[in-house]
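Heads up: the structure comes next, in structure tokens.
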Amino acid sequence: MDKASFIPNQDQQQNNSWKFEVILIIVLCILFLLVGLVVASRIEPVWTDEVMFTDPPNNLYFGKGWISTAWYYQTKEEFWAGNLPLHEIILYHWLKIFGFSLTAVRSMNYFLIVGSVLMLWLSVIRLKLINSPWSRITLICLILSSSGISFSYSSGRADSIAITVASAALLAYTITSPWLRCVSLACIGIFIPIAGLQLLAYVIVLCGVLLFYLRKLLIKEFVSLGIGVVLGVIFLYTLYFTNGVWFKFILSTFGSQHILTGQVAQAIVQGDDKGILKILSLQKVFIIDFSTAFLHLLTLTLVIYQLFKRQFKFYSPISFGFVGGLFIPLAIVIAGKYPHYYTWMAFIPMAICICSELDNFSLSGSKKWINLTAVLILLIASLGGFPAKASLAINEWETRNYANVEAFVQKNVKKSDWVYCDYGAYYAAYKNAELVFLPSYARMLSNEEKQKITTLIIDPKKLKEMTDKLGGDWKDTGEALIKKSLISFQDDTNNYFYNLRVFKRKSVS
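Note that the working numbering has the sequence shown beginning at 66, numbered continuously upward.
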């Protein structure tokens, strides 16, 4: 029988495999969105960064202007000048469609991360980085379930938009026409500094690693991306300079104690080098996030195995994953900081390289045990992230119900009240009070604002600290809301999901 007679059957098998992969990915994404949206208001407590990034678009949505009473460098009279305006601009339009609520705000990130994984999926297919359908499906599952990435999209942080822009850049690189590829990269480059200066730092570091491996192959693409970045910086400058807040932007970014330039300035001006010593402490950089730590472990294991078997090639995906996984966190933490919500920067390249290595996966033959080890590590890395968080949220369904906070605040706040509250009460207080101030704004409060605040909704342990700042006499209303979880959040060792108590200013007779 002629060999050619088998070709139609092979094409049919490939078609069926492609259809199955597409259907399975669509089902996975829909299932992820359904679960995510159901647990969105319960999976993480409302916290600092979420409120700081939500307040400006929220104020604009309610007609108060592009301002914030949750930002630590500006007063509520100033045009907001944070380093993540792209997230805020998109969130404002999202609120116009879906309204203002905790679930509505957080839902945007779930759709952004799904868009990101779909772009990454198309990219690895077009670049032939991962040839096995099951390896590509594994990649999607890893990214959606990662502990660090899931924290970013489920807690209302602005990192999801950075992941989306980075994924779009990779997809643009797969365009076959050179001029269209470069134009697309230049257009995407405009959004990089607008999506966040941490994304700009990441792109510079990642491009450096890519240049080390690919030499001159990407020069035109990097130049095109750089042109876009320059245009993006010009946009930022124009936006903030014309509104008189360019200096405030510089102060809140390059002058911030969160990045190296701010730490150096603090050391020179105040003689305080604790920040620099802290920012350069590298011992936690590889274990700061549960899922990413296991990917570091797996890349190291695969490299050692290949060295032992004399199969290791320096210019290979697993080599790039190993080197990138080491260099990216170190470079980012030296430039500023590398918290667990930045671990996507190393996690995604490592995940792509590991899944590429698993293309020839088999549970038989000489690689049986190393493949079993890889599967076990990937399962632990995945299950310990979003699946574990979602399961706990469902288990503590009533405890984490934000309707409890809303009912509590509504009972104790009038429309004429000026409220100072912990972040957990933000969404509820905003709907019920005339004005809401947050702890990050405390140092910006004017004397007039301090005197007008009528209600405190805070952790009772903070009462003395706050009343000392605000002045006046305060009474305990006895109204409290205490909700505890099985695990701790942030730096709270008491496992409080919400711990709020209401205090009222005593009226002057």
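Backbone N, C-alpha and C define an ideal beta-carbon position, used for all residues, glycine too.
Fair warning: this is a prediction, and the values are worked out from it, not measured in the lab.
Check	Outcome
For PRO414 and CYS272, the rounded distance between their alpha carbons	12 angstroms
Coil, strand or helix - LEU99 by DSSP	helix
Helix, strand or coil at PHE127 according to DSSP, with G and I counted as helix	coil
Backbone CA spacing between SER381 and THR357 [nearest angstrom]	20 angstroms
Beta-ladder partner(s) of LEU539, from DSSP	Reading off the sequence shown, one finds Trp at residue 539, where the question assumed Leu. In the DSSP output, where bridge partners are listed per residue, TRP539 has ARG570.
Outcome for SER219 when other beta-carbon atoms lying within 10 angstroms are tallied against a minimum of 16	buried
Own chain, CB closer than 8 angstroms to ILE417, minus 5 neighbours either side, in chain order	LEU185, VAL189, LEU194, ILE195, LEU204, PRO382 and GLY386
Where LYS526 falls: helix, strand or coil (DSSP)	helix
Contact the stretch 90–103 vs the stretch 151–158: 3+ CB pairs below 8 angstroms	no
Spatial neighbours of VAL230 in its chain, beta-carbon cut-off 7 angstroms, leaving aside the 5 residues before and after	ILE253, PHE256, ILE257, ALA260 and LEU264
Cβ neighbour criterion (16 or more within 10 Å) applied to GLN139	buried
Residues sharing a beta bridge with PHE483, DSSP	It is Trp, not Phe, that sits at residue 483 in the sequence shown. LEU500.
Stretch-stretch touch, CB-based, cutoff 8 angstroms, three pairs: the stretch 512–523 with the stretch 467–481	yes
Beta bridge counterpart(s) of THR520 as assigned by DSSP	VAL484 and LYS569
Rounded separation between LYS527 and GLU499 - CA only	23 angstroms
Endpoints, the alpha helix (DSSP H) within which GLU422 is located	409–422
Three-way DSSP call (helix, strand, coil) for TYR563 in this model	strand
In DSSP terms, what LEU546 is bridged to	LEU565
Outcome for LEU590 when other beta-carbon atoms lying within 10 angstroms are tallied against a minimum of 16	Here the chain covers residues 66 to 574 and nothing more, so residue 590 does not appear.
Beta-carbon proximity check, VAL268 vs VAL388, cutoff 8 angstroms	no
Best match in LYS84, VAL103, LEU96 and ILE95 for proximity to LEU457 [C-alpha to C-alpha]	VAL103
Cβ-Cβ distance between GLU143 and VAL310 below 8 angstroms	yes
Secondary structure of THR307, DSSP reduced to three states	coil
Status (buried if at least 16 other CB within 10 Å, exposed otherwise) for ARG508	exposed
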